[in-house]
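A.B. asks: Questions regarding the structure given below will be posed in turn.
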Ligand code: PDD
């Protein structure tokens, strides 16, 4: 494992964050998580493009160009020598005496960490995972991958307490996304997922899976669908950088059949793409 902080490589466990970094004081920053397969970062350009979208959305000037951040990621990977890894990129608005408004003439702080990939067990991949619904309680701009994850943290903890793998946000009866994943329903051979509006994260895996499904000749609809639609679906699955394509075994009190042919096919195609 390895870590880069501000302008240098540091020990992975190093305590280097300044007391007044706005990232931890205000959650004033953004991040990305990228999966590395066989030493190669997967969809790195897409993740870096989204980092820039998040930065622009909060008027955060990146301390390095996207090309420089890509080079730091590659250098970090070289140092870490981990074929199966996760890259965490974070940029905060920098360190300055605590005051809400943006500080003047303060440079943002970049962190890049390469860590062992957190993988989902083969057992869970086979069985699928239980998920539960939770009322949407986040702000309207969840397309920004910001460090303000307290609602997501509380949602995931609640899911864990209910022996669920994920909590799925439902907003006035409409299913949106998980606390750290996007969700799809499959009904009568058609795939459905929430449209890429500002109120959800535009998952890189979500888009990859949509493109994959279209290439396979499937029909995909980015539409708002109700909780009862999801419960009447044939299959459900989650997508994220760390979960990849993960079948859902139950949603609240609704069970999904063991067969899940479309989820299985997509997951197999996904594997083939990254191996
Ligand atoms: N989470 N929705 C939310 C709220 C997320 O936090 C994530 C990712 C996703 C899936 O996005 P992607 O396919 O780009 O990983 C959807 C990351 C993995 C995390 O916070 O660790």
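Residue numbers (my numbering): 3 to 277.
From the three backbone atoms N, C-alpha and C, an ideal C-beta is built for every residue, glycine too.
(1) Check this for me: beta carbons of residue 243 and residue 72, under 8 Å apart or not?
(2) Roughly how many angstroms lie between the CA atoms of residue 99 and residue 27, to the nearest whole one?
(3) Taking the Cβ atom as the reference point for each residue, do residue 108 and residue 91 lie within a distance shorter than 8 Å?
(4) Apart from the five residues just before and just after residue 271, which ones in its own chain have a Cβ nearer than 8 Å to its Cβ?
(5) Which residues does DSSP list as the beta-bridge partners of residue 164?
(6) Identify which residue in 140, 84 and 24 has its Cα closest to the Cα of residue 120.
(7) Report yes if the CB atom of residue 23 is closer than 8 Å to the CB atom of residue 94, and no otherwise.
(8) Here's the rule I'm using: 16 or more other beta-carbon atoms within 10 Å means buried, otherwise exposed. How should residue 15 be labelled?
(9) I'd like the span of the alpha helix (DSSP H) that includes residue 232, first residue to last.
(10) For the ligand PDD, is there any heavy atom lying closer than 7 Å to the beta carbon of residue 199?
(11) Examine the Cβ distances between the segment 157-170 and the segment 186-202 and report whether three or more of them are shorter than 8 Å.
(12) Have a look at the DSSP bridge pairing and note the partners of residue 257.
(13) Could you check the C-alpha separation between residue 193 and residue 131 for me, to the nearest Å?
(14) Quick check on DSSP: helix, strand or coil for residue 92?
(15) What number of angstroms, rounded off, separates the C-alpha of residue 199 from the C-alpha of residue 206?
(16) Which residues mark the beginning and the end of the beta strand (DSSP E) in which residue 37 is found?
(17) Go through its chain and collect everything with a Cβ distance to residue 161's Cβ below 8 Å, but skip five positions before and after it.
(18) Return the bridge partner residues of residue 171 from the DSSP annotation.
(19) Can you grab the Cα-Cα spacing for the pair residue 143 / residue 48, in whole Å?
(20) Going by beta-carbon coordinates alone, are residue 96 and residue 64 separated by less than 8 Å?
(21) Going by DSSP, what residues sit across from residue 237 in a beta bridge?
C.D. replies: This is what the structure holds:
(1) Contact check for residue 243 against residue 72 fails: the beta carbons are separated by 8 Å or more.
(2) 10 Å
(3) no
(4) 214 and 218
(5) Note: residue 164 sits in no beta bridge, so no partner.
(6) Ranking 140, 84 and 24 by Cα distance to residue 120 puts 84 first.
(7) Yes, these two residues count as a Cβ contact at 8 Å.
(8) exposed
(9) 229-233
(10) no
(11) By the Cβ test, the segment 157-170 is not in contact with the segment 186-202, since fewer than three Cβ pairs between them sit closer than 8 Å.
(12) 252
(13) 19 Å
(14) strand
(15) Approximately 14 Å, taken between the alpha carbons.
(16) 31-39
(17) 133, 134, 136, 167, 168, 169 and 181
(18) 136
(19) 19 Å
(20) no
(21) 188
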